[in-house]
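What follows is a set of notes on a single structure, which appears directly below.
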Amino acid sequence: MVLDAQIKKIQSVALTMRNSIVDTVGIGKVGHIGGSLSATDIVATLYFHKMNISPQDPKNKDRDRFLLSKGHVSLVQYVALAELGFFPKEELKNMKTLGSMLQGHPDMIKTPGIEAGTGSLGQGLSISNGMALAMKMDNSQGKVYVLIGDGELAEGQNWEAAMYASANNIDNLVAIVDKNDLQATGTTAERLCLGSIADKWRAFDWHVIEISGHDIKEIIEALDTADTIKGKPTAIIAKTIKGKGISFTENVVAFHNGMLTAEQHQIAKEELKIK
1 MVLDAQIKKI QSVALTMRNS IVDTVGIGKV GHIGGSLSAT DIVATLYFHK
51 MNISPQDPKN KDRDRFLLSK GHVSLVQYVA LAELGFFPKE ELKNMKTLGS
101 MLQGHPDMIK TPGIEAGTGS LGQGLSISNG MALAMKMDNS QGKVYVLIGD
151 GELAEGQNWE AAMYASANNI DNLVAIVDKN DLQATGTTAE RLCLGSIADK
201 WRAFDWHVIE ISGHDIKEII EALDTADTIK GKPTAIIAKT IKGKGISFTE
251 NVVAFHNGML TAEQHQIAKE ELKIK
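Here's what the structure looks like:
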């Protein structure tokens, strides 16, 4: 049973993360705002409710792993890791500056809490396969969670990896698709229409769950259900809104990698005001 207190806690964290995303991008700098905001509720639920991880023991064999295959939205992962204490929050202001530990894509060498270098789209699921299989060989109790963009699914390597995962019964693997229906230059349907994403994952013999990616209760229940699935991997198709939480960024392609004016920054902070 999902408790109201659990939902409210994650909603509060997600609001803090959205504020941190806006502050980290700042004024007059380009950042991947849209996809970071669409994934915030999912990432908040993983890091602050579901996953077994600790900044005090970051290499524990039995820890869960999170891979951000759509690595260009590293903003959302950085603010979560900072909130958890993997590095000081003050580091966020240095993102994408020369020499910073926080670059435009996740870097496992530079940044505490990052499990793999990602951002070359289409490769995250393949990396996750190898990681999950290695964990099975090591008798690790952890799971691998990988967040994939729906636009990213145009990359053929995803489907090779999907076929491999089911053929090898990788049941400690959960793929979460951030289905916001937009990519860098337009809608996913206009660029390369994939039809029913859920049906495609089913065709590759994955256990498929369809949810709202902004309903914390649904996210928790889907992740809990994934724990019960044996003999095959799980795909969670999360319907989201790109730019979720700020009125002028929601479903606006320009904020895939956009810039906030001083006025927009102020409006965003007002709309995301923490009570």
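The numbering of the sequence shown is our numbering, which starts it at 1 and goes up by one.
All C-beta atoms in this analysis are idealised placements derived from N, C-alpha and C, irrespective of residue type, glycine included.
All values reported here derive from a predicted model rather than from experimental measurement.
Between the region 91-107 and the region 131-147, do at least 3 Cβ pairs fall closer than 8 angstroms? no
Buried or exposed: A5, going by 16 or more other Cβ atoms within 10 Å of its Cβ? What you label residue 5 is simply residue 5 of the sequence shown in a count that begins at 1. A5 is exposed by the Cβ-count criterion.
Since I197 sits in a beta bridge, which residues does DSSP pair it with? In the sequence shown, residue 197 corresponds to position 197, counting from 1. DSSP, once it has assigned bridges, lists no residue as partnering I197.
Is it true that the CB of I197 sits closer than 8 angstroms to the CB of L153? Taking the first residue of the sequence shown as position 1, residue 153 is located at position 153. Taking the first residue of the sequence shown as position 1, residue 197 is located at position 197. Cβ distance < 8 angstroms, so L153 and I197 count as in contact.
Three-way DSSP call (helix, strand, coil) for K217 in this model: Locating residue 217 in the sequence shown gives position 217, where the first residue counts as 1. Of the three classes helix, strand and coil, the one that applies to K217 here is helix, per DSSP.
When burial is assigned at 16 or more other CB atoms within 10 Å of the CB, is M131 buried or exposed? The sequence position of residue 131 within the sequence shown is 131, counting from 1. M131 is buried by the Cβ-count criterion.
Nearest to L182 (by Cα), restricted to the options N251, T97, V13 and L223: Residue mapping note: residue 182 aligns to position 182 of the sequence shown, counting from 1. Considering only alpha carbons, the answer is N251.
Classify P233 as buried or exposed, calling it buried when 16 or more other Cβ atoms lie within 10 Å of its own Cβ. Counting from 1 along the sequence shown, the entry for residue 233 is found at position 233. The residue is buried, with at least 16 neighbouring Cβ atoms inside 10 Å.
Mind listing, in chain order, the continuous beta strand (DSSP E) runs of no fewer than 3 residues lying wholly within the region 9-83? 65-68
Meets three-Cβ-pair contact criterion under 8 angstroms: the region 19-37 and the region 63-81: yes
Could you pull out every residue in the same chain whose Cβ sits closer than 6 angstroms to the Cβ of S36, ignoring the five residues on either side in sequence? On the sequence shown, residue 36 is found 36 positions in, with the first residue counted as 1. Closer than 6 angstroms at the Cβ level, and outside the excluded window around S36, lie I21, V73, L75 and V76.
Nearest-angstrom Cα distance between W159 and I170? As a first step, residue 159 must be located in the sequence shown, where it is residue number 159. As a first step, residue 170 must be located in the sequence shown, where it is residue number 170. For W159 and I170, the distance between alpha carbons rounds to 15 angstroms.
Using a Cβ-Cβ cut-off of 7 angstroms (strictly less than) and excluding sequence neighbours within five positions of I10, which residues of its own chain qualify? Against the sequence shown, residue 10 aligns to sequence position 10. So the list reads A44, T45, F48, H49 and I216, once near-sequence residues are dropped.
Would a C-beta distance cut-off of 8 angstroms place E210 and I237 closer than the cut-off? Taking the first residue of the sequence shown as 1, we reach residue 210 at position 210. Taking the first residue of the sequence shown as 1, we reach residue 237 at position 237. Cβ distance < 8 angstroms, so E210 and I237 count as in contact.
Let's see if you can read the secondary structure: which residues bound the alpha helix (DSSP H) around E210? By one-based count along the sequence shown, residue 210 stands at place 210. That residue, E210, is in no alpha helix (DSSP H); its beta strand (DSSP E) goes H207 to S212.
Restricting to runs no shorter than 3 residues, where is the beta strand (DSSP E) found entirely within the region 91-174? 144-149
Let me confirm a value: G231 is counted as buried when at least 16 other C-beta atoms fall within 10 Å, else exposed. Which label applies? To locate residue 231, count along the sequence shown from 1; it is residue 231. Exposed: under 16 other Cβ atoms inside 10 Å.
Once you ignore the five residues that flank K136 on each side, which residues in its own chain have a CB closer than 8 angstroms to its CB? The count along the sequence shown starts at 1 and reaches residue 136 at position 136. These residues qualify, in order along the chain: I170 and N172.
On a Cα-Cα basis, can you pick out the residue from Y164, A82, A134 and S126 that is closest to T111? By 1-based counting over the sequence shown, the position of residue 111 is 111. Minimum Cα distance to T111 is reached at A82.
Can you tell me where the alpha helix (DSSP H) with K269 in it begins and where it stops? As a first step, residue 269 must be located in the sequence shown, where it is residue number 269. Where K269 is concerned, the enclosing alpha helix (DSSP H) stretches over A262 to E271.
Straight-line CA distance for V253 to G186? In the sequence shown, counting from the first residue as 1, residue 253 sits at position 253. In the sequence shown, counting from the first residue as 1, residue 186 sits at position 186. Approximately 6 angstroms between the Cα atoms of the pair.
Tell me which same chain residues have a C-beta within less than 6 angstroms of the C-beta of G119, skipping the five on either side of it? Position 119 of the sequence shown, counting from 1, holds the residue named residue 119. These residues qualify, in order along the chain: G71, H72 and H105.
Below 8 angstroms between beta carbons: does that hold for A235 and W201? For the purposes of this step, residue 235 is taken as residue 235 along the sequence shown, with counting starting at 1. For the purposes of this step, residue 201 is taken as residue 201 along the sequence shown, with counting starting at 1. Their beta carbons are under 8 angstroms apart, which means A235 touches W201 by this criterion.
Between which two residues does the beta strand (DSSP E) holding A235 run? Here residue 235 corresponds to residue number 235 of the sequence shown, with the count starting at 1. Run containing A235: T234 to K239, per the beta strand (DSSP E) assignment.
Distance check for A203 and K93, CA to CA, integer angstroms please. Walking along the sequence shown from the start, residue 93 turns up at place 93. Walking along the sequence shown from the start, residue 203 turns up at place 203. Near 44 angstroms, if we compare the C-alpha coordinates of A203 and K93.
Alpha-carbon spacing of K146 relative to T261, whole angstroms: Translated into the one-based positions of the sequence shown, residue 146 becomes position 146. Translated into the one-based positions of the sequence shown, residue 261 becomes position 261. Residue identity differs from the one stated: residue 146 is Val in this sequence, not Lys. The alpha-carbon atoms of V146 and T261 are separated by roughly 33 angstroms.
Nearest-angstrom Cα distance between K244 and K59? The residue you call residue 244 lines up with position 244 of the sequence shown. The residue you call residue 59 lines up with position 59 of the sequence shown. Rounded to whole angstroms, K244 to K59 spans 33 angstroms at the Cα level.
DSSP puts V177 in a beta bridge; with which residues? As a position in the sequence shown, residue 177 is number 177, starting the count at 1. Residue pairing by DSSP puts V177 in a beta bridge opposite I148 and I237.
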